[in-house]
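**Student:**
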Amino acid sequence: MSQPKTATSYTSCSLHDPVKIRASKESVEELPVKTIPQVFHECCEKYKNLTAIAYQETPGENEAPWKTITYEEYEKKVKQTALALLYLGVEPRTSVGILAFNCPEWFYVQLAALSINAVSAGIYTTNIAESVYHVLETSDASVLVVEDSHQMSKVREIKSNLPFLKAVVQLKGPFEFDKSARRPGYYRWPDLMEMDFDATLREELKLRELQVAPNECAVLIFTSGTVGMPKGVMLSHDNILCAAHTVSKSFSNITPGHETIVSYLPLNHVAAQIFDINMSMRNGATVYFADRNALKGTLEKTFMAARPTMTIVVPRIYEKIQEKYMQLDDNRTGWVRLITNMARNTMLQYHLDKMEGKPTPLWKLYLASAIINRIKTSLGLERNKECLVGGAPASTEVKRFCLSLDLPWTDAYGMSECSGALVYSINRTNLHTVGKPLEGVEIEIHQPNESGEGEILIRSRCNFMGYLKEPQKTSETLRADGSIFTGDIGYLDDQGNLYITGRIKELIITSGGENMPPVYIETLIKQELPCISNVLAVGDRRKYVTVLMTFKTHIDTSTGYPLDKLLPETIEWLATLDLHYTHLSDMLHIKLPQHLKDFDPNSVVVRLDCKIRKALADGIKRYNNRAISNAQKVQYFRILPHDFSIATGELGPTMKIRRNVVLSKYAKTIDTMYDN
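Residues in the sequence shown are numbered from 20 upward in steps of one, following the numbering used here.
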């Protein structure tokens, strides 16, 4: 068993420096200190005949067969990959970069890198060449694995400036070179997997694995900040294993060897690291890989194939399911719709009563379940017993929708710096809290105001080592006692439930000095206007609050760009105004290009019909009547020329609004609400 290396500090900003483990004697007795490769081998032995991985060779094709890998085969794949990385020259305590969509090879490369005492550094596939360079240069990458020729083209732009990058491996074709005519430093994955490595390399693999220490960095998570390049969050082997253990232990309905999950969130995101890679192997689960367009609308196809028992999603996924369901509901006959809605109302009331400790008549629940199960089966979610939702705020409306379909919504709150979510609403008492901290996790409200609100601090064994090569930022985030300043604002109720009310860096502070969280304003406005997909509040250092809004439109599942075609909710809303637009450009009286790739939003002027403008203004007025203070009332609004998306840059990889991008992109539009 690999032992922790001697360390003098609880923090580190270097891949070469270990840290002291923040664990009590009781914690270590419950979860012994180990490395991820150790646990991987134990799990592969324990579950060797069970299916570990399911994938399609041509992801996204409905008829493509699903292939499976057992845990025993999984272990062999990782070993072959580890030998390949040694062959390519990966040095101890350097990183292996991974620039690819979710796929089995992602798992193999990461676990292989950890087995040879290296570090894994995932990169978003949407990153431009400059951002890819930043990750590789910062993390001392000696090898990079890329998805395809498109990702390879980014590397060709920057490789000459990365003298320590010894090799680039392309996973999938078409390849620009064959086995005999490859350029120095470039390799094809299939060729490496066919190689028969010699005894010397195999012996080196054994020695390297013995060098791996649980208190050294295992994985780098590059998180985007409000300014500058992303910071490299250093997570140790112990951090990650502790998070996977703590979460697994908290869900009593997990049955090792019988769980199925779907991998679709980017694997360089901390949530996917904990759930897809580490919790899955710990519990002998089967991981199905969704195709690259999962967040663009194809995830449901994978749900249908996998029939997952647990899902971890961002709120936008269930918003999309809700939109599709409501569209189907409109096409149902009167009786069918009536019976279905009665069943949904009964199921919702059951969950609401359960929160308050009230009973629900069993006969009502039985009848409702029979109908609801059909709907869940049509979504591929009839086996789903946990819906873990995080990454962005979710509206009460979406939560109620999920509960009405008996999809047990569990809020998850955390951040990369604490190895993912450590606060869950497992036994929730209302729809507004994100829940209570898990066992071994401490929450503190720093410098609370009169209402008990303040910055949320988190302390646990899972807290990160530091930011790679960023000692100043590390000291600003990690307190001396090991607590993390999260940057989020919240409070605890009498029962210890945590509530999130805003984010410090996103707070709107008007020129009059009033502080307000934009999410609260945005959520209430969306409740008033079901045709609106996104609301972004503006007003920092300005005299009053205004909002930018987008109408709901379809998304092109192949490109990810918003389409001109309106969603049914928008069309129905327009019908109440006796208007019958079906396309956004007609409704806004603008001309949109066929593709939005190079579209300049400042090149068009949105014009709204009087009926539309009045209906939107009425919605804003209804919000203003609910506003906490006069300062939080919205004075003006503007409609933007297309919906937000990852492809157009307003949304990040996990569907969060990138506020700084929107504020910069639509600066001229914003200024029109403050001129004079």
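In this text, a Cβ means the ideal position worked out from N, Cα and C, and glycines have one as well.
Look at the alpha carbon of Q75 and the alpha carbon of Y510, and state the distance between them as a whole number of angstroms.
**Tutor:** So the two alpha carbons sit approximately 45 Å from each other.
**Student:** What residues in its chain sit with their C-beta under 8 Å from that of T452, if we drop five residues either side in the sequence?
**Tutor:** Correct list, in chain order: D430, S444, D512, N516, L517, Y518.
**Student:** What beta strand (DSSP E) runs, 3 residues minimum, are completely inside the stretch 157-191?
**Tutor:** List check, beta strand (DSSP E) in window: 160-165, 186-189.
**Student:** Kindly indicate the opening and closing residues of the beta strand (DSSP E) around E463.
**Tutor:** Run containing E463: 461-465, per the beta strand (DSSP E) assignment.
**Student:** Quick one: is S271 buried, meaning 16 or more other Cβ sit within 10 Å of its Cβ, or exposed?
**Tutor:** Exposed, because fewer than 16 other Cβ atoms sit within 10 Å of the Cβ of S271.
**Student:** Near A262, what residues of its chain come up, given a Cβ to Cβ distance below 6 Å and the 5 sequence neighbours on each side ignored?
**Tutor:** If we look at A262 and ignore the five residues flanking it on each side, its Cβ neighbours are I293, S438, G439, C481.
**Student:** With a 10 Å radius around its C-beta and 16 neighbouring C-beta atoms as the bar for buried, classify H465 as buried or exposed.
**Tutor:** Label assigned to H465: exposed.
**Student:** Determine the burial state of Y327: buried for a count of at least 16 other Cβ atoms within 10 Å of its Cβ, exposed for fewer.
**Tutor:** The question names Tyr, but residue 327 in the sequence shown is Pro. Counting Cβ neighbours within 10 Å, P327 comes out buried, since at least 16 surround it.
**Student:** So the beta strand (DSSP E) A73 belongs to, where does it begin and stop?
**Tutor:** Taken as a continuous stretch (DSSP letters only), the beta strand (DSSP E) holding A73 covers 70-75.
**Student:** Taking C-alpha atoms, which residue in V38, E64, K373, V187 lies nearest to V52?
**Tutor:** Residue V38 is the option with its Cα nearest to V52.
**Student:** Where does S255 sit, in a helix, a strand or coil, going by DSSP?
**Tutor:** S255: strand per DSSP, three-state reduction.
**Student:** From the DSSP output, in three-state form, read off D605 for me.
**Tutor:** In this structure, D605 counts as helix in the three-state DSSP scheme.
**Student:** Just to confirm, is the Cβ distance from D59 to L130 under 8 Å?
**Tutor:** The question names Asp, but residue 59 in the sequence shown is Phe. Yes, these two residues count as a Cβ contact at 8 Å.
**Student:** Taking the beta carbon of M212 as the centre, do at least 16 other beta carbons fall within 10 Å, making it buried, or is it exposed?
**Tutor:** With fewer than 16 Cβ atoms within 10 Å of its Cβ, M212 is classed as exposed.
**Student:** Buried or exposed, going by whether 16 or more other CB atoms sit within 10 Å of the CB of D217?
**Tutor:** Exposed: under 16 other Cβ atoms inside 10 Å.
**Student:** When the distance is taken between beta carbons, is M366 closer than 8 Å to I340?
**Tutor:** It is not a contact, given that the beta carbons lie outside the stated cut-off.
**Student:** Looking only at its chain, what residues have a beta carbon closer than 7 Å to the beta carbon of N136, apart from the 5 residues adjacent to it on each side?
**Tutor:** P111, R112, R227, Q230, V231, listed in sequence order.
**Student:** Applying the criterion that 16 or more other CB atoms from any shown protein chain within 10 Å of the CB defines a buried residue, is G703 buried or exposed?
**Tutor:** The chain is shown only over 20 to 695; residue 703 falls outside these bounds and no answer can be derived.
**Student:** The beta strand (DSSP E) that contains T589, what's its start and end?
**Tutor:** First-last for T589: 587-594, but that is the alpha helix (DSSP H), not the beta strand (DSSP E).
**Student:** Whose C-beta lies closer than 7 Å to the C-beta of P549 among residues of the same chain, with five residues either side of it excluded?
**Tutor:** Around P549: E588, W592.
**Student:** Locate the alpha helix (DSSP H) running through L318, then write down its first and last residues.
**Tutor:** That run of the alpha helix (DSSP H) goes 318-325.
**Student:** Would DSSP call F126 helix, strand or coil?
**Tutor:** Reduced to three states, the DSSP call for F126 is helix.
**Student:** Name the one or two DSSP bridge partners that R447 has.
**Tutor:** The partner list for R447 (beta bridge, DSSP) is empty, contrary to what the question assumes.
**Student:** S282 bridges to which residues according to DSSP?
**Tutor:** DSSP output for S282 lists F308 as bridge partner(s).
**Student:** How should N621 be labelled, buried or exposed, when 16 other C-beta atoms within 10 angstroms of its C-beta is the threshold for buried?
**Tutor:** Looking at its Cβ environment, which holds fewer than 16 other Cβ atoms inside 10 Å, N621 is exposed.
**Student:** Using 8 Å as the cut-off, can you tell me whether the stretch 304-318 makes contact with the stretch 150-159, which would need three or more C-beta pairs spanning the two stretches below that distance?
**Tutor:** No, they do not touch.
**Student:** Using DSSP bridges, identify the partner residues of V16.
**Tutor:** The requested residue 16 does not occur in the structure, where the chain is confined to residues 20 to 695.
**Student:** Looking at E463 and S502, is the spacing between their C-beta atoms short of 8 Å?
**Tutor:** A contact, by the Cβ cut-off of 8 Å.
**Student:** In angstroms, rounded to a whole number, what distance separates the CA positions of C63 and I273?
**Tutor:** C63 and I273: Cα-Cα distance of roughly 18 Å.
**Student:** K96: buried (16+ other C-beta within 10 angstroms of its C-beta) or exposed?
**Tutor:** Buried, because 16 or more other Cβ atoms sit within 10 Å of the Cβ of K96.
**Student:** Assign W125 to one of two classes, buried (16 or more other C-beta atoms within 10 Å of its C-beta) or exposed (fewer than that).
**Tutor:** Looking at its Cβ environment, which holds 16 or more other Cβ atoms inside 10 Å, W125 is buried.
**Student:** Using only alpha-carbon positions, find the residue among S267, D637, T667, A666 that is nearest to Q654.
**Tutor:** Q654 has its Cα closest to that of D637, out of S267, D637, T667, A666.
**Student:** Could you tell me which residues DSSP pairs with C406 in its beta bridges?
**Tutor:** Answer by DSSP bridge pairing, in chain order: T330, W428.
**Student:** When the Cα atoms are used, what is the spatial distance from Y385 to L422?
**Tutor:** Taking the straight line joining both Cα atoms gives about 16 Å.
**Student:** Counting only the same chain and skipping the five closest in sequence on each side, list residues whose C-beta sits under 8 Å from that of A312.
**Tutor:** Here the sequence assigns Asn to residue 312, which means Ala is not the residue at that position. Excluding sequence neighbours, N312 sits near G79, T576, S577, G579.
**Student:** Report the rounded CA-to-CA distance for R677 versus P378, giving the unit in angstroms.
**Tutor:** If I take the Cα positions, the gap works out to 43 Å.
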